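*Asks:* Residue 418 is where the sequence shown ends in the working numbering, and the numbering goes up by one at each step.
Sharing a structure here in structure tokens format.
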Amino acid sequence: MAFNLIRNSRVFYTSNVDTVTGAVKSTGFTTANTREIQVLEGFSFSQNTTSETITLNEAGATPVRGQRSFNTALDPVDFSFTTYMRPADTGTNISCEEAVLWNAMFSAKEIGDAAAAWTDGSTKADCVVTNSDKHQLLPFGMIIVVDATTFVIDNCVLNTATIDFGLDAIASVQWAGQGGVLRQITNPTIGSGALTGSLTGNFLVKNTTAPYIANKLSVVTLDEGIAEGGTSYTVPITGGTLTISNNVTYLTPANLATVNKPVTYFTSTRSITGSLNAYLRTGTGSSPLFTADLMSSMLTNSATAISPAFFMKISVGGTGSTKVDFTMPGVVLTIPTVNAEQVVSTTINFTAQGTASGAFDIGVANELAIAYTTPNAA
């Protein structure tokens, strides 16, 4: 008997899946389609069962009080894990280990395709939402080796990515997604970039030398109007979050006398929302303008501005050479709330919008652009 220890666990992403079912194949793994992902403690995966219980309720001296339970369906597999944001120099381009996850979040094509979301670059790597107007995104699988036991999640989709700007933390992304089937396989043998046994082929090894980013260095650019250059506000944040969601919905049949399984999924509204926490500060003149000035402007215009437009860029890691920029050319802010604490603070909630020709456009997919940079490019 052996116990499985979380510290010995390894997680792999692969797009080496059946094109029809999304099931992970047993052969054909390459460094182009499979890589190891470094995850933090606390990752989870599970598949629950939907059940129905039938009961009786009758009168009389000797009522029947039994019940009958049925398993009616398998729910989609739920998985979640966290990765650090670590821009990496590949020798010729800037990339990162989680590039495949960002691409799967926003595209139906693999990296390298013209319709992919992610592009490595010589000075920075870019990810855009331009190609994410799809009912279904890139099918991929997760291989999770939990010490002496190996699980495979077939036909996966990423549902949410959440960035937490906690000041005492290293910059990271919390990923959550779903899959069609969870199955257990015989443990493969994992060598240095090679798989043998139940799974055969090669994989891209994890990058242990890429730099980390401290959240405390992060800065926010907030300008009035769509596109950068309007009235600028200084927002030294004390915390906050950015959440990206595909709002995935699975379809499961409801046949009698069988355990129904999810057959497919569809994306819904692409949602990019967040909040920033900052101290309520007042400027000493017309420049710089701080959070109290932002609140004053929004309160003044609240009677007429139903969609107050702002340009926002969150530079995780600050303005240095190693950072991740989240640029939203058009966001709608709600009037900041005031939190009465020892040092009065405020919370600014925002929702990113599509924009075109200097105005909001619900039909345009450009709410967010992500850029990874590091000074180590060749």
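For each residue, glycine too, the CB sits at the ideal point set by N, CA and C.
Remember, it's a predicted structure, so these values are computed and weren't measured experimentally.
DSSP on S120, reduced to helix/strand/coil?
*Replies:* Strand, per DSSP.
*Asks:* In angstroms, rounded to a whole number, what distance separates the CA positions of G265 and F366?
*Replies:* Distance between the alpha carbons of G265 and F366: 17 Å.
*Asks:* I need the boundaries of the alpha helix (DSSP H) containing V140, first residue and last residue.
*Replies:* Per DSSP, V140 belongs to the alpha helix (DSSP H) from A139 to F146.
*Asks:* Please report the straight-line C-alpha distance between F85 and S355, rounded to a whole angstrom.
*Replies:* About 31 Å.
*Asks:* Please report the straight-line C-alpha distance between N286 and V64, rounded to a whole angstrom.
*Replies:* Rounded to whole angstroms, N286 to V64 spans 23 Å at the Cα level.
*Asks:* Give me, in chain order, the residues of the same chain whose beta-carbon lies closer than 6 Å to that of G280; leave out the 5 immediate sequence neighbours on both sides.
*Replies:* Taken in chain order, the residues that qualify are F205, S315, L316 and N317.
*Asks:* When you compare the segment 104-124 with the segment 209-229, are there three or more beta-carbon pairs, one atom per stretch, that lie closer than 8 Å?
*Replies:* The segment 104-124, when compared against the segment 209-229, does touch it at the 8 Å Cβ threshold.
*Asks:* With H, G and I counted as helix, E and B as strand and the rest as coil, what does DSSP make of A417?
*Replies:* Residue placement at A417 cannot be trusted, given a pLDDT of 48 that sits under 50; what the coordinates show is reported in the next sentence. It is coil, neither helix nor strand.
*Asks:* According to the neighbour-count rule (16 or more other Cβ atoms, all chains shown, within 10 Å of its Cβ), is A418 buried or exposed?
*Replies:* For A418, the predicted model reports a pLDDT of 45, less than 50, meaning its position is unreliable; a value from the coordinates is still stated below. Answer is exposed; the Cβ neighbour count stays below 16.
*Asks:* In whole angstroms, what separates the C-alpha of D187 from that of F119?
*Replies:* If you take the alpha carbons of D187 and F119, they lie about 18 Å apart.
*Asks:* Residues bridged to V299 by DSSP?
*Replies:* Beta-bridge pairing links V299 to no other residue.
*Asks:* Quick one: residues in its chain with C-beta nearer than 6 Å to the C-beta of E268, no 5 flanking neighbours on either side, listed in chain order?
*Replies:* Only F351 meet the Cβ criterion.
*Asks:* According to DSSP, is T362 part of a helix, a strand, or is it coil?
*Replies:* If DSSP states are grouped into helix, strand and coil, T362 belongs with coil.
*Asks:* Could you say if the segment 142-152 and the segment 167-182 meet the contact criterion of at least three C-beta pairs nearer than 8 Å?
*Replies:* The segment 142-152, when compared against the segment 167-182, does touch it at the 8 Å Cβ threshold.
*Asks:* Looking only at its own chain, which residues have a Cβ that is under 6 Å from the Cβ of T226, when we skip the five neighbours before and after it?
*Replies:* Around T226: S238.
*Asks:* Relative to the alpha-carbon of I183, which residue among T240, A139, D129 and G398 has its alpha-carbon at the smallest distance?
*Replies:* Ranking T240, A139, D129 and G398 by Cα distance to I183 puts T240 first.
*Asks:* Do you know how far the Cα of G358 is from the Cα of E76?
*Replies:* Approximately 28 Å, taken between the alpha carbons.
*Asks:* L329 and P348: beta carbons closer than 7 Å?
*Replies:* Against a cut-off of 7 Å, the Cβ pair of P348 and L329 comes out as no contact.
*Asks:* Go ahead and pull the three-state DSSP assignment for L262.
*Replies:* It is a strand residue.
*Asks:* Sort G181, M338, I253 and S385 by Cα distance to I277 and report the nearest one.
*Replies:* Among G181, M338, I253 and S385, the Cα nearest to that of I277 is on S385.
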